[in-house]
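Step one of this worksheet: look at the structure below.
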Amino acid sequence: MTQTPLSRPRRFEILLIKPSHYDEDGYVIQWLRSTMPSNSLACVNALACSAAERKILGDDTEIVVTAIDETNKHVDLAAIISRFQNNDFCGFVGFVGVQSNEFPRAMDLARPLCEAGIKVVIGGFHVSGCISMLPELPGDLKAATDLGITLFAGESEEHFDGFVGDIAAGTEKPIYDYMKDLPDIGEVSAPPFLAADFVKRSVGNVTSFDAGRGCPFQCSFCTIINVQGRKSRYRTPDSVEAILRANYAQGIDRFFITDDNFARNKDWEAIYDRIIKLREVDGLDVRFMIQVDTLCHRIPNFIEKSKRAGVTRVFIGLENINPDNLIAAKKRQNKLTEYRKMLLDWKAVGIMTFAGYILGFPNDTPESITRDIEIIQEELPLDALEFFILTPLPGSEDHKVLDGKGVAMDADMNRYELEHVVTDHPKMTRTQWQATYANAWAQFYTDAHLETILRRAHASGIDIYRLMIILLWFSSAVPVENVHPLQAGLIRRKDRRSRRPGLPREPWLAFQYAYVRELLGKQIVLFRRWRSLRAICARIVNDAKASAYTDKALSAANEDVSENMQLYTQTASAQSAVTRERRVAGAAAS
0 MTQTPLSRPR
10 RFEILLIKPS
20 HYDEDGYVIQ
30 WLRSTMPSNS
40 LACVNALACS
50 AAERKILGDD
60 TEIVVTAIDE
70 TNKHVDLAAI
80 ISRFQNNDFC
90 GFVGFVGVQS
100 NEFPRAMDLA
110 RPLCEAGIKV
120 VIGGFHVSGC
130 ISMLPELPGD
140 LKAATDLGIT
150 LFAGESEEHF
160 DGFVGDIAAG
170 TEKPIYDYMK
180 DLPDIGEVSA
190 PPFLAADFVK
200 RSVGNVTSFD
210 AGRGCPFQCS
220 FCTIINVQGR
230 KSRYRTPDSV
240 EAILRANYAQ
250 GIDRFFITDD
260 NFARNKDWEA
270 IYDRIIKLRE
280 VDGLDVRFMI
290 QVDTLCHRIP
300 NFIEKSKRAG
310 VTRVFIGLEN
320 INPDNLIAAK
330 KRQNKLTEYR
340 KMLLDWKAVG
350 IMTFAGYILG
360 FPNDTPESIT
370 RDIEIIQEEL
380 PLDALEFFIL
390 TPLPGSEDHK
400 VLDGKGVAMD
410 ADMNRYELEH
420 VVTDHPKMTR
430 TQWQATYANA
440 WAQFYTDAHL
450 ETILRRAHAS
460 GIDIYRLMII
470 LLWFSSAVPV
480 ENVHPLQAGL
490 IRRKDRRSRR
500 PGLPREPWLA
510 FQYAYVRELL
520 GKQIVLFRRW
530 RSLRAICARI
540 VNDAKASAYT
550 DKALSAANED
560 VSENMQLYTQ
570 TASAQSAVTR
580 ERRVAGAAAS
């Protein structure tokens, strides 16, 4: 008597892709090892894996989840199409966490998939930002829906299962709009997670997660407040511990907490206390980079507990040192008189400080920017400074205002990565503005100032050899790779077939010759920079007086004398702001 073989379960494919974007020559920006993974991808991947484990489509359907980050892995469209064809097109391809500069690439990948009959979904900040801030869909989103692509706006924690069910049943909607439905992320059953083999394709064995979402401030250039909301929501200490333990178990112990401002997380101390216990009692050597505001040092115990919790680097939204520019951008929380005190407090516990600086506020000129950078170099003890071009990102108030006024903005979203000028400026031509951006990197990261940074760090107890690698990265990305350090990676990869549509495919031999020559030239430049920085570090370590190094930037904040600090005297508005802030501080103290 023969037995009927058991039928194989139906396979439902969920392929999640974090797309990259194109460089100046139209090639996809990709690396042998890229920077840290996307938290959006980690969130959606965890939800998809949870759905698979819970068999939300029934016991007869196996959900197979695959995640790809295009910045470190080639997206083989032919293989993907074949895979779905062999599975009767059961499942979907989801482009996750798509930012404005990544949307054109996502669309270029999506078109052949749609033509082959594969269901495609696009979500992320571009879709969510446009839907939240614009009165109607912009042209690029309309083009997506015309192709049959489903748009997903908002956060998916409370909606993922239902959405997958719609796809499986063939009843998916053109647009899922959950912008007004912000989920409680306190005890999510599937917090952000990516497998170790995925994370290890990035530099430094670092992964990311959000301990909270939303921001109470009103910065006009920011998209977060209009996508994640101004009401902050937080993960519980139990949830954060679960994230850390799950990653530590697979050998990952370095984390970037992606909260726009972790210092304003109301549960920061409870989370830190839990992490401190993990480190000091349970022996988990976990370490972190966080983002904070310029007033975080006023929070009792925040900096001290950051150190005990394993924070090694902080990113600070400095943005500008001109009070008029800060007011114009609605960044009123930045107080000029607090900058140095805040940075010195981080220095006192040996934590590296990174800051973002935006170029192109209404009062900026090439000359004023050059002057401001000189002041920062001399008077603010920063370990690294990242420059950004003021960009009206879709989802920001700036973009909404310019769009409403009909102001000309670049139509190519690929350029909206904070590195290219995409609109006009009242005091600079676009060419001047773009040149000022390149000059800012060159001005700040001179050999002389790199040595100053390293001497300050050594005197503050920071490991200068570790900082040296970071400075190599930050000082080289723009001049060597022509990308921002946050877009850079280790060893640039190029595929001549992955070129932006409309641009010609180069002959194989000519392409390979140019690529190898370019790659070798870059490695020579990087080696020379590394050797120069290494020599500086050796000179500092061998200097018996290096530990006692001090300069104007390291002078105690209570030694500030207004007439000796250009930070406070550079403009009439700076003088007025300092007078006002000190008057308010004096009134509060009395």
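In numbering that gives the first Met the number 0, the protein residues as written are 0 to 589.
Yeah, the Cβ is synthetic: ideal placement off N, Cα and C, and Gly gets one too.
Remember, it's a predicted structure, so these values are computed and weren't measured experimentally.
Residue(s) in a DSSP beta bridge with residue i
i      : result
Tyr436 : None; Tyr436 has no bridge partner.
Met408 : Thr422
Lys17  : Asp68
Tyr26  : Arg498
Arg212 : Arg232
Glu240 : Bridge partners of Glu240: none, in fact.
Arg9   : Thr60
Val310 : Phe287
Local conformation of residue i per DSSP, three classes
i      : result
Ala66  : strand
Gln249 : coil
Glu416 : coil
Arg229 : coil
Ile315 : strand
Tyr567 : helix
Arg603 : It is not possible to answer for residue 603, since the shown part of the chain is limited to 0 through 589.
Lys399 : helix
Lys551 : helix
Thr428 : coil
Cys218 : coil
Ala545 : helix
Ala115 : coil
Neighbourhood of residue i by C-beta, 7 Å cutoff - its chain only, sequence neighbours within 5 removed
i      : result
Pro592 : Absent from the structure is residue 592, since the part of the chain shown begins at 0 and ends at 589.
Ser127 : Ala152, Gly153, Met178, Val226, Gly394
Val239 : Ala210, Ile270, Arg273
Pro18  : Glu69, Phe94, Val97, Glu101, Arg104, Ala105, Leu108
Ile452 : Asp382, Leu470
Thr570 : Asn321
Glu337 : Thr293, Leu294
Asn38  : Pro191, Ser207, Phe208, Asp209, Thr257
Pro8   : Asp59, Thr60, Glu61
Residues near residue i in its chain [Cβ-Cβ closer than 8 Å; skip 5 each side]
i      : result
Leu358 : Ile368, Phe386, Phe387, Ile388, Leu389, Trp432, Thr435, Tyr436, Ala439
His457 : Ile463, Ile539, Val540, Ala545, Ser546, Tyr548
Thr1   : Here the model assigns Thr1 a pLDDT of 45, short of 50, so the residue's position is not dependable, and the following value carries that caveat. Result list for Thr1: empty, nothing under 8 Å.
Ile275 : Lys304, Arg307, Ala308
Asp183 : Arg232
Asn264 : Ala210, Gly211, Ser231, Tyr233, Asp258, Ile270
Terminal residues of the alpha helix (DSSP H) in which residue i lies
i      : result
Leu31  : No alpha helix (DSSP H) contains Leu31, which is instead part of the beta strand (DSSP E) from 29-32.
Ile535 : 507-540
Ile591 : Residue 591 lies beyond the stretch modelled for the chain, which goes from 0 to 589, so this question has no answer here.
Ile121 : No alpha helix (DSSP H) holds Ile121; the beta strand (DSSP E) holding it covers 119-122.
Arg495 : Where Arg495 is concerned, there is no enclosing alpha helix (DSSP H), given that its DSSP letter is neither H nor E.
Phe301 : 301-307
Start-to-end residues for the beta strand (DSSP E) that takes in residue i
i      : result
Phe387 : 383-388
Ser207 : 205-208
Val202 : Note, Val202: premise wrong, no beta strand (DSSP E); not H, not E.
Proximity test, residue i beta-carbon vs the ligand NAD heavy atom, cut-off 7 Å
i      : result
Ile368 : Looking for the ligand NAD in the displayed structure turns up nothing, as the structure carries no ligands at all.
Spatial neighbours of residue i in its chain, beta-carbon cut-off 6 Å, leaving aside the 5 residues before and after
i      : result
Leu277 : Leu283
Asp266 : Tyr233
Cys295 : Ala262, Phe301
Met467 : Leu532, Cys536
Leu112 : Val92, Val119
Gln376 : His448
Asp409 : Val421
Gly116 : Phe88
Any alpha helix (DSSP H) of 4 or more consecutive residues that is wholly inside the segment 317-379:
With a minimum length of 4 residues, the continuous alpha helix (DSSP H) runs that stay inside the segment 317-379 are 322-327, 338-347, 365-378.
Please give me, in chain order, every unbroken run of the beta strand (DSSP E) with length at least 3 that falls completely inside the segment 255-293.
286-291
Which complete beta strand (DSSP E) runs does the segment 38-113 hold, if anything under 3 residues is left out?
60-68, 90-94
Mind listing, in chain order, the continuous beta strand (DSSP E) runs of no fewer than 3 residues lying wholly within the segment 127-193?
Counting only runs of 3 or more, we get 149-152, 174-176.
Continuous alpha helix (DSSP H) assignments of at least 4 residues falling wholly in the segment 434-492:
446-458, 463-475
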